[in-house]
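Working notes for the structure below.
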Amino acid sequence: NALIKQAGLLKKIIDAIKDLIDEATLDCDNDGIYLQAMDSSHVSLVTFYLKKNLFEKYSCNRNLSLGINMTSIAKILKCGMSDDTLLLETNNPIDILSFKFESRRGHKLSQFQLRLMNLEMERLSIPDTEYSCIIEMMCSEFSKVCHDLATIGDSMTITCTKKNVTFDTTGDLGTGIVSLKQGVVGSENDENVYAASIKIVKPVSLSFSLRYLIYFTKASSLSNKVILHMGEEVPLMVEYKIFNTYEEEAGYLRYFLAPKVNE
Amino acid sequence: KVTQAELSQFYPED
Numbered sequence: 001n002a003l004i005k006q007a008g009l010l011k012k013i014i015d016a017i018k019d020l021i022d023e024a025t026l027d028c029d030n031d032g033i034y035l036q037a038m039d040s041s042h043v044s045l046v047t048f049y050l051k052k053n054l055f056e057k058y059s060c061n062r063n064l065s066l067g068i069n070m071t072s073i074a075k076i077l078k079c080g081m082s083d084d085t086l087l088l089e090t091n092n093p094i095d096i097l098s099f100k101f102e103s104r105r106g107h108k109l110s111q112f113q114l115r116l117m118n119l120e121m122e123r124l125s126i127p128d129t130e131y132s133c134i135i136e137m138m139c140s141e142f143s144k145v146c147h148d149l150a151t152i153g154d155s156m157t158i159t160c161t162k163k164n165v166t167f168d169t170t171g172d173l174g175t176g177i178v179s180l181k182q183g184v185v186g187s188e189n190d191e192n193v194y195a196a197s198i199k200i201v202k203p204v205s206l207s208f209s210l211r212y213l214i215y216f217t218k219a220s221s222l223s224n225k226v227i228l229h230m231g232e233e234v235p236l237m238v239e240y241k242i243f244n245t246y247e248e249e250a251g252y253l254r255y256f257l258a259p260k261v262n263e
Numbered sequence: 264k265v266t267q268a269e270l271s272q273f274y275p276e277d
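If you're matching them up, the sequences are chains A and B in order.
The first sequence runs 1 to 263 under the numbering used here.
The second sequence runs 264 to 277 under the numbering used here.
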């Protein structure tokens, strides 16, 4: 049983991954709900963790693995309004997931049932990684950089040093480069400050496919900031933190993307 | 030549 105060939050999370992965299992235990799935080309991977405190009420008395088709769950979530409360429940035997939406004023109740699937998922083990560079920037800025550079080239090189982070690309029509200085990320005198907060152990430069990076920016509505984790010889981790309605941290959505390599 | 790596080159299967 999981009761979420704003159904729209779950919809945003599913919408941010449904174009990348077709199917996934929701692994539920008493602490929360975890998902891990790779895209069909095995180049990128998405994980999310929805902690117990994301929900108004949460109980799960035994570990469950719920096989979900992403297009189907997205269709059901679209039937609710974003400020409806949403109660998720499973039956016994566990072959359906039920969605009960209740409008804010309590005048409308709707219920949908999603047929669950038996999925044999390939699962990767992601070790705890000491990244060389951790870059925090505004989601809107990261999204704009990716979309702008994608009009020029197919891949983007991210280079992080102590002083700045640069994003550059090359295509048939020419080149593009965007550089963000190390500085405070956020608002200042009601003006957005477009800079990046950089924590660095060692400078890193890696290239990534813009097509995938653009998929990731669909999570931009979850949070103001995005955190890029980079290290030599490891996939990029793009992290969006998830907050509950009390603005407490209540989980994350993380994308992993294998770099382009010189052969 | 630049090629796209796969995730399994970096992370083992669970």
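All C-beta atoms, glycine included, are put in the ideal place defined by N, C-alpha and C.
Tell me whether residue i is buried or exposed, calling it buried when 16 or more other Cβ atoms sit within 10 Å of its Cβ.
i, result
"A:K163", "exposed"
"A:G174", "exposed"
"A:Y246", "exposed"
"A:E249", "exposed"
"A:L35", "buried"
"A:V184", "exposed"
"A:E141", "buried"
"A:D83", "exposed"
"A:S44", "buried"
Which same chain residues end up closer than 8 Å to residue i when comparing Cβ atoms and leaving out the 5 residues on each side of it in sequence?
i, result
"A:S223", "C139, Y240, K241, I242 and F243"
"A:I152", "T169, T170, G171, L173, G174, T175 and G176"
"A:P203", "S132, C133, T159, C160, T161 and K162"
"A:Q111", "S98, F99, K100 and F101"
Under 8 Å Cβ-Cβ, which residues of chain B neighbour residue i?
i, result
"A:N118", "The premise fails here: A:N118 is roughly 18 Å from chain B at the closest Cβ pair, so nothing lies under 8 Å."
"A:R123", "E276 and D277"
"A:H229", "Under the 8 Å cutoff, chain B gives no residues; its nearest Cβ is about 13 Å from A:H229."
"A:K260", "V265, T266, Q267 and A268"
"A:M38", "L270"
"A:S207", "V265"
Rank the options by C-alpha distance to the C-alpha of residue i and give the top, closest one.
i, options, result
"A:D95", "A:D168, A:R115 and A:L50", "A:R115"
"A:L213", "A:K202, A:S205 and A:V238", "A:V238"
"A:L119", "A:M70, A:L206, A:Q6 and A:P235", "A:M70"
"A:T161", "A:Q182, A:T169 and A:I152", "A:Q182"
"A:I328", "A:L236, A:D19 and A:K218", "There is no way to answer for residue 328 of chain A, as the model of chain A reaches only from 1 to 263."
"A:V46", "A:E263, A:L77 and A:A258", "A:A258"
"A:L50", "A:V234, A:A219 and A:I13", "A:I13"
"A:R105", "A:K5, A:F48, A:V165 and A:E122", "A:K5"
"A:A195", "A:V226, A:F208 and A:F256", "A:V226"
"A:D27", "A:D19, A:I200, A:T157 and A:I68", "A:I68"
"A:K144", "A:P127, A:I33 and A:Y215", "A:Y215"
"A:S207", "A:M156, A:H107, A:K108 and A:M230", "A:M156"
Who are the neighbours of residue i on chain B, taking C-beta pairs under 7 Å?
i, result
"A:M137", "Here the premise fails: no neighbours, minimum Cβ distance about 24 Å."
"A:L272", "The displayed coordinates of chain A run from 1 to 263. Any statement about residue 272 of chain A would go beyond what the structure contains."
"A:F256", "L270"
With distances taken between CB atoms, is the gap from residue i to residue j smaller than 8 Å?
i, j, result
"A:N262", "B:V265", "yes"
"A:G171", "A:D148", "no"
"A:I76", "A:F99", "yes"
In chain B, which residues lie with their C-beta within 9 Å of the C-beta of residue i?
i, result
"A:I214", "None at all; the shortest Cβ gap to chain B is about 15 Å."
Quick one: residues in its chain with C-beta nearer than 6 Å to the C-beta of residue i, no 5 flanking neighbours on either side, listed in chain order?
i, result
"A:N61", "none"
Can you find the residues in the same chain that come closer than 7 Å, C-beta to C-beta, to residue i, ignoring five residues on each side of it along the sequence?
i, result
"A:S221", "K12"
"A:R123", "Q36"
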